[in-house]
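Trainee:
In the numbering used here, the protein residues as written are 1 to 565.
1) Taking three-plus beta-carbon pairs below 8 Å as touching, is the stretch 288-299 in contact with the stretch 348-360?
2) To the nearest angstrom, how far is it from the Cα of residue 101 to the Cα of residue 87?
3) Considering only the beta carbon of each residue, do residue 177 and residue 216 sit closer than 9 Å?
4) I'd like to check one pair, residue 379 with residue 357: are the Cβ atoms closer than 9 Å?
5) When the Cα of residue 518 is compared with those of 190, 556 and 535, which residue comes out closest?
6) With distances taken Cα to Cα, identify the nearest neighbour of residue 305 among 233, 375, 332 and 386.
7) Which stretch, first to last residue, makes up the alpha helix (DSSP H) that contains residue 425?
8) Looking at the secondary structure, which residues open and close the alpha helix (DSSP H) in which residue 470 lies?
9) Look at the alpha carbon of residue 27 and the alpha carbon of residue 19, and state the distance between them as a whole number of angstroms.
10) With a CB to CB cut of under 8 Å and the five nearest residues on each side skipped, what residues in its chain are close to residue 169?
11) Are the stretch 60-76 and the stretch 91-99 in contact at 8 Å, needing three or more beta carbon pairs?
12) Under 8 Å Cβ to Cβ from residue 227, same chain only, skipping five residues before and after it: list those, please.
13) Alpha helix (DSSP H) containing residue 207: first to last residue?
14) Residue 43 and residue 58: beta carbons closer than 9 Å?
15) Closest by CA to residue 218, which one among 202, 229, 230 and 239?
16) Give a yes or no on whether 9 Å exceeds the smallest Cβ distance from residue 288 to chain C.
17) Find the nearest neighbour of residue 60 within the set 38, 47 and 192, judged by alpha-carbon distance.
18) I believe residue 397 touches residue 406 by the beta-carbon criterion, under 8 Å. Please report the beta-carbon distance rounded to the nearest angstrom.
19) Using the C-alpha atoms, what's the distance from residue 163 back to residue 273?
20) Report the residue from 535, 498 and 503 whose alpha carbon sits nearest the alpha carbon of residue 546.
21) Nearest CA to the CA of residue 429: which residue from 179, 459 and 439?
22) Alpha carbon to alpha carbon, how far is residue 307 from residue 296?
23) Please name the residue in 530, 179 and 375 whose C-alpha comes closest to that of residue 189.
24) Taking the straight line between their C-alpha atoms, what separation do you get for residue 478 and residue 402?
25) What is the DSSP secondary structure of residue 546, counted as helix, strand or coil?
26) How is the alpha helix (DSSP H) around residue 351 delimited, first residue to last?
27) Using a Cβ-Cβ cut-off of 6 Å (strictly less than) and excluding sequence neighbours within five positions of residue 394, which residues of its own chain qualify?
28) Could you tell me the distance, in whole angstroms, from the CA atom of residue 560 to the CA atom of residue 147?
29) Out of curiosity, what's the CA-to-CA distance linking residue 419 and residue 126?
30) Quick check: what's the CA-CA separation for residue 254 versus residue 375?
31) Select from 23, 475, 549 and 514 the residue whose C-alpha is nearest the C-alpha of residue 153.
32) Are the Cβ atoms of residue 516 and residue 470 separated by less than 9 Å?
33) Which residue comes first and which comes last in the alpha helix (DSSP H) that contains residue 104?
34) Rounded to the nearest angstrom, what separates residue 371 and residue 231 at their Cα positions?
35) From the DSSP secondary-structure annotation, give me the bridge partner or partners of residue 304.
36) Start and end of the beta strand (DSSP E) containing residue 271?
Here is the structure:
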């Protein structure tokens with residue numbers, strides 16, 4: 001009913017629509033006048049021929065003749081009558097079969113359909129709208145962000161400048177508004193001064209224009225912009241952006257963190273206060289062949305094994321899970337606890353061979369930069385001569401060529417990072433590298449989330465999604481919180497402790513079996529307790545830190561939503 005009311009409101013309030021309706025009514029009156037005149041003339045001519053008919057018969061004959069449906073049951077015998085019949089027939093064809101449909105469509109049907117479209121893609125938000133997130137472009141990152149906003153119950157509106165695209169997105173379930181992103185009036189209609197956040201993810205010039213335009217209305221609203229170039233970061237901040245995210249650098253850093261195989265030492269992949277999330281390979285270590293219970297990592301070192309990666313599949317930390325030669329342990333603990341692990345297992349599988357990076361674009365160069373900061377050697381392969389910086393670390397050639405990969409060290413490299421922005425290319429290269437080196441550690445980028453599982457099936461050990469990384473980074477700034485993305489679909493996140501489990505121990509709550517999430521710490525009054533004793537009660541007024549896959553996270557939120565503030 002609300003949707004129908006909005007259609008009527010737009011239809012009636014539009015000045016052109018009112019003018020068109022008046023024209024349509026005028027045409028219908030003219031048509032009615034023609035029918036009356038023809039009906040009168042019908043009687044006059046029939047009486048001249050000596051035939052008598054009722055007025056109803058006259059109108060009946062007029063309409064059947066004008067619509068070319070004449071049944072032949074009433075006919076004229078004189079030439080005058082037949083000439084009159086021809087006149088009625090021709091005028092009827094022109095007015096009823098040609099002009100009436102055109103006039104109806106032009107002056108009523110088309111405006112009505114336009115009103116329907118405008119109601120589905122409004123040009124203005126309802127007055128009083130506030131605390132909403134304004135998104136000025138639609139791409140893989142903002143699509144993933146919208147899913148996360150929906151998950152946590154935050155209102156948003158997607159600004160679209162083309163009507164057909166707005167309608168398509170509306171039909172897909174998105175909340176859209178039609179308007180030009182460079183028009184100040186658009187943001188007034190979006191109540192930007194009362195918005196919680198503005199996200200601009202277009203080109204650097206587009207984002208600069210958006211930020212500068214919004215600052216005409218509000219100096220307080222938080223603006224997050226993405227940047228494709230390092231040089232644009234300062235300009236975007238000068239334009240009014242509070243936070244500028246260089247997506248290539250964020251993804252490159254994440255991919256470099258996943259690089260394992262230099263040795264069996266732990267490699268941090270995320271931090272949450274004092275809590276460190278790290279990974280460690282088990283190849284050639286004494287842990288291979290043991291179960292998690294037999295490893296005694298928690299009892300002896302205080303480290304919590306929150307899960308195991310098995311060639312892209314995350315296996316929960318059940319005590320009877322066996323550690324295999326290609327397993328990667330996901331560990332949670334303090335810096336001191338992880339150092340103890342390194343003292344015991346870091347001496348195994350030592351390798352000094354460089355990591356192979358395929359693609360010298362923004363992401364590939366960022367991954368190389370962060371590897372260099374960790375004193376890890378690398379080789380970059382790219383077929384674009386303009387991207388070759390030096391002959392020491394850069395190899396010119398096609399990664400699909402065996403000789404090029406051999407020259408880059410595919411036979412001895414402990415890991416390969418695939419950074420192409422084309423998922424088809426990444427899938428192809430993943431299959432190729434896995435066939436050349438069955439035991440090599442493969443980390444791949446995915447631009448679209450739907451290709452993550454495909455890359456895992458192709459042989460990638462880890463896949464980092466460009467969309468998820470960007471969405472998480474934006475959401476963390478919005479919530480002023482940290483959601484650490486361990487891998488695609490696996491996050492570390494914090495929530496206020498639901499009242500249902502406050503004062504109870506982890507054993508009593510049984511959160512792992514209920515939701516799939518694993519509590520790895522809690523904090524209260526700035527004090528963080530890492531890997532808490534499962535028999536100790538969770539304090540009232542605390543905040544718990546959990547690790548879980550996307551579905552597990554949603555299951556936890558849904559299960560405790562009534563108790564969670």
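Glycine included, every Cβ here is placed at the ideal spot set by N, Cα and C. Remember, it's a predicted structure, so these values are computed and weren't measured experimentally.
Mentor: Once the coordinates are examined:
1) With the rule of 3 Cβ pairs closer than 8 Å, the stretch 288-299 does not count as touching the stretch 348-360.
2) Indexing the chain shown from 1 puts residue 101 at position 101. Indexing the chain shown from 1 puts residue 87 at position 87. So the two alpha carbons sit approximately 20 Å from each other.
3) Position 177 of the chain shown, counted from the first residue, corresponds to residue 177. Position 216 of the chain shown, counted from the first residue, corresponds to residue 216. No. Outside cutoff.
4) By one-based count along the chain shown, residue 357 stands at place 357. By one-based count along the chain shown, residue 379 stands at place 379. In this structure, residue 379 lies closer than 9 Å to residue 357 by Cβ.
5) Within the chain shown, numbered from 1, the residue matching residue 518 stands at position 518. The option with the nearest alpha carbon to residue 518 is 556.
6) Residue numbering aside, residue 305 sits at position 305 when the chain shown is read from its first letter. For residue 305, the nearest C-alpha among the options comes from 332.
7) Along the chain shown, read from residue 1 onward, the residue named residue 425 stands at position 425. It spans 423-436 - the alpha helix (DSSP H) in which residue 425 sits, taken as one unbroken run.
8) Here residue 470 refers to the residue found at position 470 when the chain shown is read from its first residue. Note, residue 470: alpha helix (DSSP H), 466-479.
9) The residue you call residue 27 lines up with position 27 of the chain shown. The residue you call residue 19 lines up with position 19 of the chain shown. So the two alpha carbons sit approximately 13 Å from each other.
10) For the purposes of this step, residue 169 is taken as the residue at position 169 of the chain shown. Same-chain partners within the cutoff: 138, 158, 160 and 176.
11) yes
12) Taking the first residue of the chain shown as 1, we reach residue 227 at position 227. Leaving aside the five residues that flank residue 227 on each side, the residues in its chain whose CB is nearer than 8 Å to its CB run, in chain order, 204, 207, 233, 236, 244, 245, 246 and 247.
13) In the chain shown, the residue the question calls residue 207 occupies position 207. Unbroken alpha helix (DSSP H) run through residue 207: 204-214.
14) In the chain shown, the residue the question calls residue 43 occupies position 43. In the chain shown, the residue the question calls residue 58 occupies position 58. Against a cut-off of 9 Å, the Cβ pair of residue 58 and residue 43 comes out as a contact.
15) Position 218 of the chain shown holds residue 218. The shortest Cα separation from residue 218 among 202, 229, 230 and 239 belongs to 239.
16) Judged by its chain identifiers, the structure shown contains no chain C, having just a single protein chain.
17) Counting from one through the chain shown, the residue named residue 60 turns up at place 60. Per the Cα distances, 38.
18) Sequence index remark: in the chain shown, residue 397 carries index 397 (1-based). Sequence index remark: in the chain shown, residue 406 carries index 406 (1-based). So it is not a contact: roughly 10 Å between Cβ atoms.
19) As a first step, residue 273 must be located in the chain shown, where it is residue number 273. As a first step, residue 163 must be located in the chain shown, where it is residue number 163. Computed Cα separation, rounded: 46 Å.
20) Residue numbering aside, residue 546 sits at position 546 when the chain shown is read from its first letter. Of the candidates 535, 498 and 503, the one whose C-alpha sits nearest the C-alpha of residue 546 is 498.
21) Here residue 429 refers to the residue found at position 429 of the chain shown. Closest by alpha carbon: 459.
22) The residue given as residue 307 occupies position 307 in the chain shown. The residue given as residue 296 occupies position 296 in the chain shown. Answer to the nearest angstrom: the Cα atoms are 14 Å apart.
23) Locating residue 189 in the chain shown gives position 189, where the first residue counts as 1. For the residues 530, 179 and 375, the minimum Cα distance to residue 189 belongs to 179.
24) By 1-based counting over the chain shown, the position of residue 478 is 478. By 1-based counting over the chain shown, the position of residue 402 is 402. Approximately 46 Å between the Cα atoms of the pair.
25) For the purposes of this step, residue 546 is taken as the residue at position 546 of the chain shown. Residue state, collapsed to three classes: strand.
26) As a first step, residue 351 is located in the chain shown; it is residue number 351 there, counting from the start. Premise fails: residue 351 is in no alpha helix (DSSP H) and is neither H nor E.
27) Translated into positions along the chain shown, residue 394 becomes position 394. Only 380 and 388 meet the Cβ criterion.
28) As a first step, residue 560 must be located in the chain shown, where it is residue number 560. As a first step, residue 147 must be located in the chain shown, where it is residue number 147. Spanning the two alpha carbons is a distance of roughly 20 Å.
29) Working through the chain shown from its first residue, we reach residue 419 at position 419. Working through the chain shown from its first residue, we reach residue 126 at position 126. Going by the C-alpha atoms only, they are around 43 Å apart.
30) For the purposes of this step, residue 254 is identified with residue 254 of the chain shown, where counting begins at 1. For the purposes of this step, residue 375 is identified with residue 375 of the chain shown, where counting begins at 1. When rounded, the distance between both Cα atoms is 16 Å.
31) Taking the chain shown and counting its residues from 1, one reaches residue 153 at position 153. Residue 153 has its Cα closest to that of 475, out of 23, 475, 549 and 514.
32) As a working note, residue 516 is residue 516 in the chain shown. As a working note, residue 470 is residue 470 in the chain shown. Result no, Cβ atoms of residue 516 and residue 470 do not sit closer than 9 Å.
33) Here residue 104 refers to the residue found at position 104 of the chain shown. From DSSP, the alpha helix (DSSP H) with residue 104 extends over 100-104.
34) For the purposes of this step, residue 371 is taken as residue 371 along the chain shown, with counting starting at 1. For the purposes of this step, residue 231 is taken as residue 231 along the chain shown, with counting starting at 1. About 22 Å.
35) By one-based count along the chain shown, residue 304 stands at place 304. DSSP, once it has assigned bridges, lists 332 as partnering residue 304.
36) Reading the chain shown from its first residue, position 271 is the one you call residue 271. Annotation for residue 271: the continuous beta strand (DSSP E) segment containing it runs 267-272.
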